[in-house]
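In structure tokens:
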């Protein structure tokens with residue numbers, strides 16, 4: 077993707093921030109701005125200046141924790157948290173291979189929901205570690221996992237749980253509608 | 228008082244004590260909770276990161292199930308949700324569909340595969356909203372058995388029960404928990420971190436960033452006896468990584484983290500086995516020592532403020 081001529085999907089995000097006046101209230105309100113490579117205000121500027129490649133490869137939106145401070149305070153009333161989420165969705169196709177850890181987590185989370193209807197936390201983390209392919213990652217959570225197991229708060233992964241109902245039909249219908257729109 | 232009850236996935240697992248203490252407290256306050264049958268996940272923060280439509284449909288399914296149960300009732304019941312992330316997902320679909328009929332139609336196209344239909348008639352309420360607006364504070368004051376005299380409690384609201392929908396509290400300077408804390412005989416810890424973000428899922432996907440946010444909250448709670456929370460994700464972030472975070476810098480000491488209904492339940496004299504403090508990850512020896520001698524009367528003649 078070249079940096080000019082935003083493709084259709086990114087145009088829809090640009091439309092969400094079209095009325096941005098670059099005041100920077102979002103940046104000043106963002107608890108995660110310190111960890112971002114571009115501030116939220118700069119991200120909107122990239123979209124408005126038709127630099128979609130810069131926007132979609134920025135780490136800004138993947139560091140959004142949905143605290144909604146920017147949305148609450150934006151003097152133009154723009155849905156900025158929703159715009160961050162929209163970019164995260166687009167990154168899956170527009171920046172394949174980027175943000176592997178986050179994408180792996182979201183993917184396994186929803187897979188757990190599709191299979192069981194509800195999230196199985198230990199199964200989610202196990203499959204997340206496998207998909208993220210980072211051999212050190214599990215150790216960071218080993219202590220917490222053991223505490224949870226001891227307190228009987230999580231089940232061992234893949235142990236058959238009480239009858240659960242999957243949501244295959246709903247997931248299929250959503251996919252069908254989204255591929256045809 | 229009756230409500231439909233949506234516990235959500237965390238409250239069946241890592242946040243079991245939030246579920247059990249909510250049930251115990253609401254029972255003690257005379258409220259009946261009717262669990263939504265066959266409920267499923269609200270999509271959490273994962274669904275909107277992968278599919279916009281799925282992020283609408285998953286919470287809509289829960290609302291449709293509650294409506295189905297409501298059809299046999301004369302008076303509509305509100306839906307009580309203790310988890311802030313679940314609350315916002317349910318609230319968001321309900322609020323958005325009020326004006327966006329196209330979206331409601333699309334959601335119903337999907338729900339039809341399970342024979343469900345959403346009219347969007349019920350109101351979604353956070354546990355804190357119900358505790359502060361439906362429960363008479365004097366009911367709590369009059370029934371306090373254990374006055375937390377001499378305790379300083381830091382109220383932690385987090386984000387999603389406050390923003391973007393300002394329903395029951397000031398989304399910038401929240402204070403709805405303060406009368407509850409004072410009613411229990413404790414003092415409110417003065418701080419500005421109550422509505423700040425704990426980093427949500429960052430602790431998993433961007434741990435360094437998540438730890439920095441939690442460190443600021445724990446540092447702000449210095450001098451208090453405990454932080455009380457109203458969200459399973461906030462609770463896990465605040466209690467689960469304290470040792471690691473303490474290593475990152477000075478000014479952070481081990482802090483007791485309780486769910487609000489655990490704290491209020493204890494004040495109302497519920498046994499710890501009912502509010503399940505055995506399941507918490509961080510209750511400090513200092514807290515235990517101070518809590519043990521609490522009697523039915525305020526200590527040293529001090530009256531609970533407010």
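Chains as they are written, first to last, in the working numbering: chain A, 77 to 257; chain B, 228 to 533. Using N, Cα and C, we set each Cβ at its ideal position, and we do this for glycine too.
| Check | Outcome |
| --- | --- |
| What span of residues does the alpha helix (DSSP H) with residue 295 (chain B) cover, start to end? | 279-297 |
| Taking Cβ positions, are residue 240 (chain B) and residue 199 (chain A) nearer each other than 7 Å? | no |
| Going by the CB atoms, is the gap between residue 163 (chain A) and residue 182 (chain A) shorter than 7 Å? | no |
| Residue 423 (chain B) touches chain A at which residues, Cβ-Cβ below 7 Å? | 107 |
| Name the two residues that bound the continuous beta strand (DSSP E) containing residue 390 (chain B). | Looking at the DSSP string, residue 390 (chain B) is not in any beta strand (DSSP E), and its letter there is neither H nor E. |
| With 16 other CB atoms within 10 Å as the buried threshold, where does residue 143 (chain A) fall? | buried |
| Below 8 Å on C-beta distance, what does residue 241 (chain B) contact in chain A? | 197, 224, 229 and 230 |
| Excluding the five sequence neighbours on either side, which residues of its own chain have a C-beta within less than 7 Å of the C-beta of residue 149 (chain A), listed in chain order? | 101 and 105 |
| Under 6 Å from any heavy atom of the ligand NAP, does the C-beta of residue 180 (chain A) make it? | With respect to the ligand NAP, the structure offers nothing, as it holds no ligand at all. |
| Between which residues of its own chain and residue 197 (chain B) is the CB-CB distance below 7 Å, once the five residues before and five after are set aside? | Since the first residue of chain B shown is 228 and the last is 533, residue 197 (chain B) is not available in this structure. |
| To which residues does DSSP link residue 381 (chain B) through a beta bridge? | B:454 |
| Between residue 242 (chain A) and chain B, is there a C-beta pair that is closer than 7 Å? | no |
| Can you check whether the C-beta of residue 194 (chain A) is within less than 7 Å of a C-beta belonging to chain B? | yes |
| Are there 16 or more other CB atoms within 10 angstroms of the CB of residue 477 (chain B), so buried, or fewer, so exposed? | exposed |
| Say whether the stretch 425-437 of chain B touches the stretch 349-367 of chain B, bearing in mind that this needs 3 or more beta-carbon pairs closer than 8 Å, one atom from each stretch. | no |
| Between which residues of its own chain and residue 160 (chain A) is the CB-CB distance below 7 Å, once the five residues before and five after are set aside? | 137 and 140 |
| Count the other CB atoms, across all protein chains shown, that sit within 10 Å of the CB of residue 375 (chain B); report buried if there are 16 or more and exposed otherwise. | buried |
| Output needed for residue 25 (chain A): all residues of its chain with C-beta closer than 8 Å, excluding positions within five of it in sequence on either side, in chain order. | Past the boundaries of the shown model lies residue 25 (chain A); chain A is included only from 77 to 257, so the question cannot be answered. |
| For my contact list, residue 310 (chain B) and residue 509 (chain B) are in at a C-beta cut-off of 8 Å; report their separation, rounded to the angstrom. | No, residue 310 (chain B) and residue 509 (chain B) are not in contact; Cβ-Cβ is about 19 Å, not under 8 Å. |
| At 9 Å on the CB atoms, spell out the chain B contacts of residue 132 (chain A), in chain order. | Those within 9 Å of residue 132 (chain A) in chain B number zero; the least Cβ separation is about 14 Å. |
| Residue 467 (chain B): buried (16+ other C-beta within 10 angstroms of its C-beta) or exposed? | buried |
| Just to confirm the assignment: which complete beta strand (DSSP E) runs, minimum length 3, are found wholly within the stretch 233-272 of chain B? | 259-262 |
| Distance, Cα to Cα, residue 506 (chain B) vs residue 305 (chain B)? | 29 Å |
| Quick one: is residue 470 (chain B) buried, meaning 16 or more other Cβ sit within 10 Å of its Cβ, or exposed? | exposed |
| Let me know if residue 461 (chain B) comes out buried or exposed under the rule of 16 or more other beta-carbons within 10 Å of its beta-carbon. | buried |
| Using a Cβ-Cβ distance cut-off of 7 Å, determine whether residue 181 (chain A) contacts chain B. | yes |
| Counting along the chain, where does the beta strand (DSSP E) carrying residue 350 (chain B) start and finish? | Unbroken run through residue 350 (chain B): none, as it is neither H nor E. |
| Mind the definition here: the stretch 252-266 of chain B touches the stretch 275-284 of chain B only if three or more C-beta pairs lie below 8 Å; say whether that holds. | no |
| For residue 304 (chain B), which three-state DSSP category applies? | coil |
| Alpha carbon to alpha carbon, how far is residue 221 (chain A) from residue 99 (chain A)? | 44 Å |
| Looking at the structure shown, is residue 97 (chain A) part of a helix, part of a strand, or coil, going by DSSP? | coil |
| Taking C-beta pairs closer than 8 Å, name the residues in chain A that residue 341 (chain B) reaches, listed in chain order. | 245 and 246 |
| May I ask you to report which of helix, strand or coil DSSP gives residue 413 (chain B)? | coil |
| Going by the DSSP bridge assignment, what does residue 208 (chain B) pair with across the sheet? | Look at the range of chain B in this structure, 228 to 533, and you will see that residue 208 (chain B) is not part of it. |
| Taking only three categories from DSSP, how would you classify residue 362 (chain B)? | coil |
| Determine the contact status of residue 475 (chain B) and residue 442 (chain B), defining contact as a CB-CB distance below 7 Å. | yes |
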